[in-house]
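Residue numbers for the sequence shown, in our numbering: 334 to 595. Let me begin by presenting the structure, written as structure tokens, before commenting on it.
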Amino acid sequence: MQRVRFITLIVLTALAAMWPAPAAAQPVARVLFIGNEYTDANDLPEMLEQLAAGTGDALMTGKSTMPGFRLMQHFQLDKTKLLLRRQQWDYVILQEHGILPLDERMRENSMIPAVQRFRKIVSDRGATPVLFVTWASRQGARKTPYGDFNSMQKALTDSYRKAAEHSEIMIAPVGEAMRRALNNDKGIVLFFSDGQTPTLAGTYLAACVIYATLYQRSPFGSSYTAGLKPEQARFLQDLAGEMIHKERNRWNIPPPRKDSAP
């Protein structure tokens, strides 16, 4: 009887050796978006998930968005508070109202304090806060010194960088990437006719920038193109990856980790 058991054990051991061990489970990065319609347009969080999946990365997103909301208003929103408290996140993406950063008084009294408060709450829960630099209007901002797209985008980018300096947090320079894309490729269409609402290409570029910021590597080669022409998707992927790689100090992004996982 013992001999039979011994032989059976040998056979089972041999079969186990022939069968490949299951691959280690891919760690899932959990990302929460807090913002307004800039984040909601074309479902940016979902697009980020698909972009990551196209590179073989596992990513799960959540969002708390309200039309026209400022970051400071999210402190009073039950949904935002519950999402922060009940779920463990790796990253929290903070997106401010579109034109608020252009007003120095509002920036100093609303934006920067909100970013600082969110930084503390998010960091205390073990997550990393990230500032989402929004994009300028294609026509610029009326009744301001920023009457064209480039000057408005520069002002927005500078404002987000100032807020980041106060709080020492990472920046995802989405708006700046849009400025460069438009200046490098005059045929690319990132906005609808209102000059503000992003097309699929605009949201895709936003997803590429956020991916490169979180993973600290380029999304170039992702199989997910959001229905864009392959060459256009590759252009946007490459632009985002190169921008983050070459300017990580400007955007407060630490050196990449060996595993390149967020």
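For every residue, glycine included, the Cβ atom is placed at its ideal position computed from N, Cα and C.
Listed in chain order, the non-local C-beta contacts of residue 480 below 6 Å within the same chain comprise 473, local neighbours out to five positions each way being set aside. Under the 10 Å beta carbon count, residue 361 is surrounded by fewer than 16 other beta carbons and is classified as exposed. Beta-bridge annotation (DSSP): residue 524 is paired with 531. Considering only 367, 577, 534, the residue with the shortest C-alpha distance to residue 398 is 367. Note on geometry: alpha-carbon atoms of residue 584 and residue 546 lie some 9 Å from one another. For residue 469, the secondary structure class from DSSP, reduced to helix, strand or coil, is coil.
Residue burial annotation: residue 421 is exposed, with fewer than 16 other C-beta atoms found within 10 angstroms of its C-beta. Under the DSSP assignment, residue 485 falls outside any beta strand (DSSP E), being part of the alpha helix (DSSP H) whose first and last residues are 482 to 500.
For residue 445, no beta strand (DSSP E) run applies; the uninterrupted alpha helix (DSSP H) run containing it begins and ends at 445 to 457, by DSSP. Between residue 531 and residue 374 a beta carbon distance of about 5 Å is seen, short of the 8 Å cut, so the two are scored as contacting.
Non-local beta-carbon contacts of residue 432 in its own chain, meaning distances under 7 Å to residues more than five positions away in sequence, involve 474 in chain order. Here residue 560 carries a coil assignment [DSSP, helix/strand/coil]. Secondary structure at residue 464: strand, using DSSP grouped into helix, strand and coil.
In chain order, 589 place their CB closer than 6 Å to the CB of residue 549, counting only its own chain and leaving out the 5 sequence neighbours on each side. Residue 416 sits in a helix when the DSSP states are folded into three classes.
Here residue 509 is not near residue 529, since their CB atoms are 8 Å or more apart. According to the DSSP assignment, residue 391 belongs to the beta strand (DSSP E) that extends over 391 to 398.
In the three-state reduction of the DSSP assignment, residue 381 falls in the helix class, which pools H, G and I.
Check the Cα spacing between residue 438 and each of 484, 406, 451, 492: the tightest is with 492.
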